[in-house]
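The next block holds one structure in the form of structure tokens; read it before the comments.
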Amino acid sequence: MSMLIPDTVRSLGVCAELVNYEDGAETGMVTKEWAVSMIRRYKMSYVGPLDEAVRARLHALGPEFRPLFDMKEGQLADWANATVRKLRIYPQIVTHDDLGWHIHYFEADTPLVDRIRGSTAMAAMDVVQRGEARRLRVCTAVDCDNVFLDTTRNLSKVFCDPASCGNRMHGMRFRQRNRVREQQGPTQ
Ligand SMILES: [Zn+2]
Ligand SMILES: [Zn+2]
Numbered sequence: 023m024s025m026l027i028p029d030t031v032r033s034l035g036v037c038a039e040l041v042n043y044e045d046g047a048e049t050g051m052v053t054k055e056w057a058v059s060m061i062r063r064y065k066m067s068y069v070g071p072l073d074e075a076v077r078a079r080l081h082a083l084g085p086e087f088r089p090l091f092d093m094k095e096g097q098l099a100d101w102a103n104a105t106v107r108k109l110r111i112y113p114q115i116v117t118h119d120d121l122g123w124h125i126h127y128f129e130a131d132t133p134l135v136d137r138i139r140g141s142t143a144m145a146a147m148d149v150v151q152r153g154e155a156r157r158l159r160v161c162t163a164v165d166c167d168n169v170f171l172d173t174t175r176n177l178s179k180v181f182c183d184p185a186s187c188g189n190r191m192h193g194m195r196f197r198q199r200n201r202v203r204e205q206q207g208p209t210q
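So for the sequence shown, this note's numbering puts the first residue at 23; every next one is plus one.
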């Protein structure tokens, strides 16, 4: 595990999932099932509506957040500062589910997208402060632009998902090597 606190990892996990969300091209929104599952998986305390308007705003967070994964430290800091200022955040330390004490950067009636914006901005501040901004990464596999938070100790994660992109690139390199060998012909 990295130096990052669990809440930063959680918040940036949500952020990356929104960027990587792929099923909204036609509808312009995330599905209700996906939204429910995200809230459950990340143990979000949100109990407000998940109607079409809310789910369209969630979907729009993807393109809004994507640039964060290409930003230099200073740009990420500027983005986080501007976002926090716009949201007028008042941190509250709380505990719910089995998360233990953690900080909410939203009120009970804050819309879901603004909760996520606030948590993402504070998580961005955390990675900048710790000198870990380069942990926000884009997958290096061909034909994949998924983003992820690299939580490995030595910054060794290069694929969004080792099981899919990692294996695919491994197979591709293997075939390339064989092709080169065939072109060179049998060695004497
Ligand atoms: Zn919470
Ligand atoms: Zn990938």
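We put the beta carbon where it would ideally sit given N, CA and C, even for glycine. Predicted model only: the values in this text are computed from it and were never measured.
Under the three-pair Cβ rule at 8 Å, the region 173 to 187 counts as touching the region 151 to 162.
The closest CA to that of P133, considering only Q97, D172, D73, is found on D73. The bridge partners DSSP lists for H124 are V116. Following the DSSP letters along the chain, one finds R79 inside the alpha helix (DSSP H) bounded by residues 74 to 87. Counted as a single uninterrupted DSSP element, the alpha helix (DSSP H) harbouring R32 occupies residues 28 to 42. Closer than 7 Å to some heavy atom of ligand 2: that does not describe the Cβ of D92.
Our two residues, A57 and R77, have alpha carbons roughly 7 Å apart in a direct line. Membership of V169 in the beta strand (DSSP E) is indicated by the continuous run 169 to 171. Closest by C-alpha distance to I61, out of N103, W123, A99, I138, is I138. Secondary structure note for L158: its beta strand (DSSP E) is the uninterrupted segment 158 to 160. For N103, the uninterrupted alpha helix (DSSP H) segment begins and ends at 95 to 109.
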